[in-house]
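Note sheet for the following structure.
In my numbering, the protein residues as written are 1176 to 1492.
Structure (structure tokens):
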């Protein structure tokens, strides 16, 4: 069984310490517009999200962004500290929705763990006037963790830049694979996968994203109106129209035929919530939301702002 040893709400921030039972696997809902920072206090804690998994040992942390459902597993008796904060309060380099990041900087992770545990130990004696300051301090800890570790690793990774450039140039090659990209960049596949994990996507997902992006541009281009959906699929490295439809569905978009039908009206239909897809350019900066075919691919642009709604903080285990 997994349970909260202690928990406390400080304004928009929730902190807790969890103890993991034998072979426990629990789900934690990360709300829209939220960032959850897990710190492994002792033992090994695995955090999984949409087929990706990160293992954190004592002194390491994991950041998960919402909206998502993370699965947590750990050895019997292991403990983890959790900070759940609003992403809008962070000033660190922006990270995508549904991101899964390993935070290895012990100079940030350990102080965060110690601070939360000390706070929980004396939470009943915290005066009301001090709670806002403690809330700000917790947000700053999450901010520092992302800035000092994951964000800097992504920006400093020249191999990641080269890999993104290769994907953009070779997306139309049906044989393009994660291993082929790693070989061309001259790094191990495992290292390159770690670089992409900091972006919140796998190499395969980025290849798919680029193919879908190019396909959407063609589907909306009047000059390509005579091309069949299968022809467009082949031009972007996919085998047929069905493969393209599956790839677009995986990115949360409507079918190719729906995109072609709505292209002339300048509106993109989507099957996902507003904030379900986030993209970055090859320099790891968020793409600006413009009215170009590439930005129209982003499902966020399809839902009006008034439909956005925050969900609750991370569910208690």
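Backbone N, C-alpha and C fix where the C-beta goes; we use that ideal spot for every residue, glycine too.
{"Query": "Could you give the distance in angstroms between the alpha-carbon of residue 1290 and the alpha-carbon of residue 1423?", "Result": "44 Å"}
{"Query": "Would you decide whether residue 1235 is buried or exposed? Buried here means 16 or more other CB atoms lie within 10 Å of its CB.", "Result": "buried"}
{"Query": "Expressed to the nearest angstrom, what Euclidean distance is found between the alpha-carbon atoms of residue 1453 and residue 1209?", "Result": "With a pLDDT of only 38 at residue 1453, under the threshold of 50, the placement of this residue in the model should not be trusted, and no figure is reported."}
{"Query": "Please name the residue or residues paired with residue 1282 in a DSSP beta bridge.", "Result": "None, per the DSSP bridge assignment."}
{"Query": "With DSSP as the reference, please indicate the residues paired to residue 1382 in a beta bridge.", "Result": "Answer is none; residue 1382 lacks a bridge partner."}
{"Query": "By DSSP, does residue 1427 sit in helix, in strand, or in coil?", "Result": "coil"}
{"Query": "Between residue 1352 and residue 1379, what straight-line distance do the alpha-carbon atoms span, to the nearest angstrom?", "Result": "7 Å"}
{"Query": "Tell me, please, which residues DSSP counts as bridged to residue 1248.", "Result": "1200, 1221"}
{"Query": "Can you give the beta carbon distance from residue 1255 to residue 1216, rounded, assuming they're within the 8 Å contact cut?", "Result": "6 Å"}
{"Query": "If you draw a straight line from the C-alpha of residue 1287 to the C-alpha of residue 1265, how long is it?", "Result": "15 Å"}
{"Query": "Below 8 Å between beta carbons: does that hold for residue 1347 and residue 1411?", "Result": "yes"}
{"Query": "Give the range of the alpha helix (DSSP H) segment to which residue 1406 is assigned.", "Result": "1404-1410"}
{"Query": "Helix, strand or coil for residue 1387, going by three-state DSSP, please let me know.", "Result": "helix"}
{"Query": "Taking C-alpha atoms, which residue in 1425, 1408, 1191, 1409 lies nearest to residue 1298?", "Result": "1191"}
{"Query": "Under the DSSP definition of a beta bridge, which residues are partnered with residue 1260?", "Result": "1210"}
{"Query": "To the nearest angstrom, report how far apart residue 1213 and residue 1391 are at their CA atoms.", "Result": "37 Å"}
{"Query": "How about residue 1317 and residue 1309: are their beta carbons less than 8 Å apart?", "Result": "no"}
{"Query": "Determine whether the beta carbon atoms of residue 1431 and residue 1402 lie at a separation below 8 Å.", "Result": "no"}
{"Query": "State yes or no: is the C-beta of residue 1276 within less than 8 Å of the C-beta of residue 1227?", "Result": "no"}
{"Query": "Given that a residue counts as buried once 16 or more other Cβ atoms are within 10 Å of its Cβ, and exposed if not, what is residue 1207?", "Result": "buried"}
{"Query": "Do you know offhand how far residue 1239's Cα is from residue 1211's?", "Result": "5 Å"}
{"Query": "Residue 1396 to residue 1336, Cα distance in whole Å?", "Result": "28 Å"}
{"Query": "Given residue 1377, which residues of its chain have a CB within under 8 Å of its CB, disregarding the five upstream and five downstream residues?", "Result": "1226, 1227, 1353, 1368, 1371"}
{"Query": "Could you round the C-beta distance between residue 1219 and residue 1278 to whole angstroms and report it? I think they count as a contact, below 8 Å.", "Result": "Not confirmed; about 15 Å, so no contact."}
{"Query": "Can you tell me which of the three DSSP states residue 1254 falls into?", "Result": "strand"}
{"Query": "On the DSSP bridge list, what partners appear for residue 1185?", "Result": "1188"}
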